[in-house]
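Colleague:
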Amino acid sequence: MTISELRSLYKDKQLIEAIIEPSSQEGTWIVEWRHTRGGFMRLTDSHGEECHYIDLDKASKSALAVGFRQVRIEEY
């Protein structure tokens, strides 16, 4: 889901939290949001490709752009 789609879900109170976690691609991070109905929504670009971040700060900024004031970071 894109940032704008996720913002709409956030405004409708359908998202519980934002989470950043390591990606399957070594050294990168993904951003996802937990939905109120269960499951996770991952951030994608306009082509539907999952967004991967090398920089944790940039990943955090994308997570916060949806509307949350804090982000949980999972490190495995």
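In terms of the numbering used here, the sequence shown opens at residue 120 and continues consecutively.
We treat Cβ as the ideally placed atom computed from N, Cα and C, and that holds for glycine.
(1) On the DSSP letters alone, give me the boundaries of the alpha helix (DSSP H) that Arg-126 sits inside.
(2) Could you round the C-beta distance between Glu-193 and Ile-135 to whole angstroms and report it? I think they count as a contact, below 8 Å.
(3) So, Leu-85 versus Ile-149, is the Cβ gap smaller than 9 Å?
(4) Tell me which same chain residues have a C-beta within less than 8 Å of the C-beta of His-154, skipping the five on either side of it?
(5) Distance, Cα to Cα, Ala-178 vs Pro-141?
(6) Hey, how far is the Cα of Ser-181 from the Cα of Arg-156?
Modeller: Here's the rundown:
(1) The residue given as residue 126 occupies position 7 in the sequence shown. Looking at the DSSP string, the run of the alpha helix (DSSP H) that includes Arg-126 is 122 to 130.
(2) On the sequence shown, residue 193 is found 74 positions in, with the first residue counted as 1. On the sequence shown, residue 135 is found 16 positions in, with the first residue counted as 1. Contact flag wrong, Cβ pair sits at about 15 Å.
(3) Residue 85 cannot be examined here, being either before or after the span of the chain that is shown, 120 to 195.
(4) As a working note, residue 154 is residue 35 in the sequence shown. Answer for His-154: Leu-128, Gln-133, Leu-134, Ile-135 and Met-160, listed in chain order.
(5) Taking the sequence shown and counting its residues from 1, one reaches residue 178 at position 59. Taking the sequence shown and counting its residues from 1, one reaches residue 141 at position 22. The alpha-carbon of Ala-178 is positioned some 11 Å away from that of Pro-141.
(6) Within the sequence shown, residue 181 is the residue found at index 62, counting from 1. Within the sequence shown, residue 156 is the residue found at index 37, counting from 1. CA-to-CA, the gap between Ser-181 and Arg-156 works out to about 22 Å.
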